[in-house]
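J.:
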Amino acid sequence: MKKVLIIGGGFAGLSAAVFLAKENFKVTLIEASPNLGGRARSFYSHSIGENVDNGQHILMGCYSSTLKFLKTINALNNFERFKNLEVPFIEKGGRQTFLKVRSFFYPLNLVAALSRFNAVPIRKRIKLFIPFFSLLSPNESSAPNLSSWLISLKQDSELQKAFWNVLSVGAMNTTPEFSDVKVFKNVLSQMFLRGNKGFNFILPKKGLTEAYVLPARDFIISRGGKILLSERVLSVEKTGQKIAKVITNKAEYSDFNFVVSSIPFPYANKIFGTEFYPGLADNFHYSPILNLHVKLKSNPLTCKFAALIDSKIHWVFNHGNYITLVTSAAENLISKSKEELKEILLEELQNYIPLFYKELVEGMEIIKEKRATFVPSANLERLRKKIQSPFENLILSGDWTYAGLPATIESAVLSGIRSAETILTRKS
Ligand SMILES: Cc1cc2nc3c(=O)[nH]c(=O)nc-3n(C[C@H](O)[C@H](O)[C@H](O)COP(=O)(O)OP(=O)(O)OC[C@H]3O[C@@H](n4cnc5c(N)ncnc54)[C@H](O)[C@@H]3O)c2cc1C
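Residue numbers (my numbering): 5 to 432.
#1: Quick one, which of 336, 28, 262, 90 has its alpha-carbon nearest residue 294's?
#2: Whose C-alpha, out of 221, 314, 367, 345, is nearest the C-alpha of residue 15?
#3: Which residue's Cα is closest to the Cα of residue 307: 108, 94, 30, 42?
#4: Using 8 angstroms as the Cβ pair cut-off and three pairs as the minimum, do the region 341-352 and the region 35-51 touch?
#5: If distances are taken between C-alpha atoms only, which option among 326, 236, 408, 321 comes closest to residue 62?
#6: Identify which residue in 375, 369, 359 has its Cα closest to the Cα of residue 332.
#7: Determine the contact status of residue 268 and residue 53, defining contact as a CB-CB distance below 8 angstroms.
#8: Which first and last residues belong to the alpha helix (DSSP H) in which residue 466 is found?
#9: Does the region 382-397 come into contact with the region 283-299, if we say contact requires no fewer than three beta-carbon pairs (one atom in each stretch) closer than 8 angstroms?
#10: Would the C-beta of residue 63 count as close to ligand 1, meaning under 7 angstroms from any of its heavy atoms?
#11: Look up residue 100 in the DSSP assignment and say whether it is helix, strand or coil.
#12: Might you give, ordered along the chain, the residues of its own chain that have their beta carbon closer than 7 angstroms to the beta carbon of residue 31, omitting 5 neighbours on each side?
#13: Going by beta-carbon coordinates alone, are residue 187 and residue 409 separated by less than 8 angstroms?
#14: Taking the alpha helix (DSSP H) that residue 176 belongs to, which residues open and close that run?
#15: Is residue 293 near ligand 1, with its Cβ less than 7 angstroms from a heavy atom?
#16: Taking the alpha-carbon of residue 427 as reference, which of 108, 399, 75 has the nearest alpha-carbon?
#17: Does at least one heavy atom of ligand 1 sit under 7 angstroms from the Cβ of residue 15?
#18: Using the beta-carbon count (16 or more within 10 Å), is residue 368 buried or exposed?
#19: Rounded to the nearest angstrom, what separates residue 380 and residue 258 at their Cα positions?
#20: Three or more C-beta pairs under 8 angstroms: does that hold for the region 202-209 against the region 58-73?
#21: Hey, how far is the Cα of residue 272 from the Cα of residue 72?
#22: Could you pull the start and end residues of the alpha helix (DSSP H) that residue 17 belongs to?
#23: At a cut-off of 7 angstroms, would you count residue 412 as near ligand 1, judging by its Cβ distance to the nearest heavy atom?
#24: Where residue 59 and residue 292 are concerned, what is the direct C-alpha to C-alpha distance, given to the nearest angstrom?
#25: So what does DSSP say about residue 311, is it helix, strand or coil?
#26: On a CA-only basis, which of 214, 177, 171, 42 is nearest residue 234? Give me that one, please.
#27: Can you tell which of 407, 413, 261 has the C-alpha that lies nearest to the C-alpha of residue 6?
#28: For the beta strand (DSSP E) containing residue 84, list its first residue and its last residue.
#29: Below 8 angstroms between beta carbons: does that hold for residue 215 and residue 411?
#30: When DSSP labels each residue in this structure, what does residue 56 get in the three-state scheme?
#31: Would you say the beta carbon of residue 406 is closer than 7 angstroms to some non-hydrogen atom of ligand 1?
#32: Helix, strand or coil, according to DSSP, for residue 105 in the structure here?
#33: Rounding to the nearest angstrom, what Cα-Cα distance links residue 218 and residue 424 in this structure?
#34: Consult DSSP for residue 242 and reduce its assignment to one of helix, strand or coil.
#35: Below 7 angstroms, is the gap between the Cβ of residue 271 and the nearest heavy atom of ligand 1?
#36: Using 8 angstroms as the Cβ pair cut-off and three pairs as the minimum, do the region 92-106 and the region 312-330 touch?
What follows is the structure in structure tokens.
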């Protein structure tokens with residue numbers, strides 16, 4: 005039986021381990037923290053009185069690798085798919101406009117939805133189609149970033165604020181000035197050019213740990229795999245072009261055929277050596293995400309989620325007893341104290357949801373994820389395409405290794421599944 009050592013227990017490491025264990029490989033997964041899940045996990049919050057996520061995560065219908073992973077570990081039922089896209093966009097003052105896509109006559113249903121999108125004045129609405137049509141053209145854009153691309157396609161600041169920023173800041177976790185055009189076009193194509201299912205929202209029905217981490221853990225263990233927690237890989241020793249030994253803070257491992265690295269770039273860079281990634285370290289920049297979970301005495305929200313236009317809060321999610329306010333690309337807020345942030349975000353919420361007032365709040369949990377995702381800039385994208393494993397028996401995975409997509413669950417799982425497939429095709 006072939007043995008594989010997997011480093012890192014986020015979506016990438018867990019999916020690699022699941023698909024290798026399914027093919028009868030003997031897997032050992034080493035995770036530095038006491039819990040699995042990496043950047044997508046949940047924990048018990050005393051302020052909220054239940055399990056909450058380290059950040060609200062949205063899956064999309066186009067996440068085909070993730071859905072395959074969830075099906076394999078029998079966890080699809082832990083997620084709810086919203087079949088008809090119906091997103092309330094809320095303006096300051098509380099006016100709501102729906103982006104509502106009916107389920108029939110694709111792609112005419114998309115055209116109809118954009119034509120009815122009242123957040124943009126009717127005379128400008130027709131212009132929203134231009135970037136979508138450009139997806140069908142084989143010509144590559146020469147625009148240096150997403151902002152210039154949108155301007156070149158006649159998307160003025162009103163169109164950007166009311167529509168494109170909601171999509172792009174959410175998907176790329178950075179402002180359009182720093183986003184690569186090709187990556188964003190790829191995201192748009194996957195969401196909107198794959199029929200009605202691509203743009204379905206899929207949300208966990210329970211905390212992420214319960215929803216996918218525990219089912220993945222149980223699957224791996226039931227197939228004879230081992231999971232080692234609170235154990236950090238510190239370095240490797242090599243013989244020729246192969247890793248001969250993996251050294252952790254607790255033990256040394258040399259009995260393996262392959263190693264899968266499923267850790268973020270800065271850790272991989274430290275452990276496997278910088279010379280294999282020329283220029284990469286200088287171009288890896290990170291962008292934070294803020295989440296404020298707010299427990300309420302009574303909940304004024306009637307929708308499951310909503311996008312806020314031109315706000316410090318980008319999305320609001322409704323969990324019944326509590327709501328979650330999400331700020332992506334939160335560079336301007338992240339250094340403020342937790343108390344300051346609670347004040348700022350609640351005041352902002354009041355501006356958008358007039359029925360909300362601070363006296364409704366029973367408890368709050370704020371989570372600052374300072375290095376939530378890397379910034380998918382044009383420079384980084386050029387270098388990501390060239391990433392190669394520095395050792396013959398080492399396969400690299402993790403959201404950063406899969407060029408063409410931003411840092412998402414889907415890029416992490418895709419990379420995990422690809423590493424399992426790579427090992428399956430190799431002899432030793
Ligand atoms: C707040 C927030 C909101 C997000 N929202 C969304 C969303 O809505 N939709 C979406 O698709 N994506 C979202 N993302 C991005 C998504 O969570 C990540 O892209 C994905 O989880 C990355 O998975 P990964 O396995 O590549 O890395 P990670 O989850 O970072 O896993 C790496 C693991 O390796 C471990 N590790 C590191 N070093 C070592 C070592 N030396 N030895 C052993 N173990 C080590 C870490 O502890 C960690 O558990 C969000 C991220 C955050 C933070």
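Idealized CB from N, CA, C, for every residue including glycine.
This structure is a prediction, so every number in the text was calculated from the model and none was measured.
T.: In short, the structure shows the following:
#1: 336
#2: 221
#3: 94
#4: no
#5: 321
#6: 375
#7: no
#8: Because the chain spans 5 through 432 in this model, residue 466 falls outside it and cannot be assessed.
#9: yes
#10: yes
#11: strand
#12: 8, 10, 21, 24, 25, 224, 229
#13: yes
#14: 169-176
#15: yes
#16: 399
#17: yes
#18: buried
#19: 36 angstroms
#20: yes
#21: 27 angstroms
#22: 15-26
#23: yes
#24: 11 angstroms
#25: strand
#26: 42
#27: 261
#28: 83-86
#29: no
#30: strand
#31: no
#32: coil
#33: 20 angstroms
#34: strand
#35: yes
#36: yes
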